[in-house]
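Numbering (the numbering used here), first residue to last: 415 to 480.
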């Protein structure tokens, strides 16, 4: 899309994906930071210029801790 139209591309995580991640975290199956970080890195690696996510506030807090 980016090559064809020459515009920035944005990706969003749908509510079902958010719910799936959070259910796995709450059941102790996955580490929250690890799964969220991996998910967002995968989106960025795919070539997205921007990401819209339900995890935005949480990730911003994590980044401020560094």
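Virtual Cβ for every residue (Gly too), placed ideally from N, Cα, C. Predicted model, so just to flag it, every value in this text is computed and none were measured.
**Prompt:** Do you know offhand how far residue 366's Cα is from residue 422's?
**Reply:** The chain is shown only over 415 to 480; residue 366 falls outside these bounds and no answer can be derived.
**Request:** Check residue 424 in the structure and name its three-state DSSP category.
**Result:** Working through the chain shown from its first residue, we reach residue 424 at position 10. Correct three-state label for residue 424: strand.
**Stretch pair the stretch 456 to 466 + the stretch 435 to 447: three plus CB contacts closer than 8 Å** = By the C-beta criterion, the stretch 456 to 466 is judged not to be in contact with the stretch 435 to 447, since fewer than 3 inter-stretch pairs fall below 8 Å.
**Item:** Under the three-state DSSP convention, the category residue 464 falls into
**Value:** Reading the chain shown from its first residue, position 50 is the one you call residue 464. Three-state DSSP puts residue 464 in a strand.
**Message:** Nearest by alpha-carbon distance to residue 427: which of 417, 463, 477, 454 is it?
**Reply:** Position 13 of the chain shown, counted from the start, is the residue given in the question as residue 427. 454 is the residue among 417, 463, 477, 454 whose C-alpha sits nearest the C-alpha of residue 427.
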